[in-house]
Amino acid sequence: MINNINPFNEKNLIEIHRVLMNGLDQRNCKYRLRSEGVFDGDRCVFMAPPSSQVPSLMNDLFKQINKAKNELSPLIYSNISHYEFVFIHPFNDGNGRSARLWSKPLLSQIDNFF
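Note that this note's numbering gives residue 33 to position 33 of the sequence shown, counting from 1, and the numbers run on in steps of one.
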């Protein structure tokens, strides 16, 4: 399936999340509706942007990478996309897994990378 993913299409990213999280999270393939953070025990080490901003931030991210694909190396825009995605933290769970898998089709834009 990953070879048929268009990494520049938001719906394809949501499909990646749906497949990865099938049976693990009832809200898979839907953006989060509550606050999310990363914790080390009881200590919050990162608080994601408010859930109300997620759709707009994701839309901006896809505009950015669609522009970047014509201006930057796939290695650069893949790293930027990964960072931004993890920062936005759009899903309740599976953000890291989705970001890592999403990197593969972005990096496949480099000739003979995979």
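Think of the CB as a built atom: it goes at the ideal place given N, C-alpha and C, for glycine as much as any other residue.
In this text the structure is predicted, and so the values were computed from the model without any measurement.
Taking buried to mean at least 16 other C-beta atoms within 10 Å of its own C-beta, is residue i buried or exposed?
{"i": "isoleucine 2", "result": "exposed"}
{"i": "asparagine 70", "result": "exposed"}
{"i": "isoleucine 5", "result": "buried"}
{"i": "tyrosine 83", "result": "exposed"}
{"i": "proline 55", "result": "exposed"}
{"i": "alanine 99", "result": "buried"}
{"i": "proline 105", "result": "buried"}
Considering only their Cβ atoms, is the gap separating residue j from residue i smaller than 7 Å?
{"i": "phenylalanine 91", "j": "arginine 34", "result": "no"}
{"i": "tryptophan 102", "j": "isoleucine 16", "result": "yes"}
{"i": "histidine 89", "j": "glutamate 10", "result": "no"}
Judging by CA-CA distance, which residue of the options is the nearest neighbour of residue i?
{"i": "isoleucine 134", "options": "Cys44, Arg18, Leu61 and Gly96", "result": "Outside the displayed range of the chain (1 to 114) lies residue 134, so it cannot be described from this structure."}
{"i": "isoleucine 65", "options": "Leu107, Leu20 and Asn22", "result": "Leu107"}
{"i": "phenylalanine 87", "options": "Lys63, Arg18, Val38 and Pro74", "result": "Val38"}
{"i": "phenylalanine 85", "options": "Lys63, Cys44 and Gly23", "result": "Lys63"}
Kindly confirm or deny that the stretch 101 to 111 and the stretch 36 to 53 touch, where touching means at least three C-beta pairs closer than 8 Å. Under the Cβ criterion (8 Å, minimum of three pairs), the stretch 101 to 111 does not count as touching the stretch 36 to 53.
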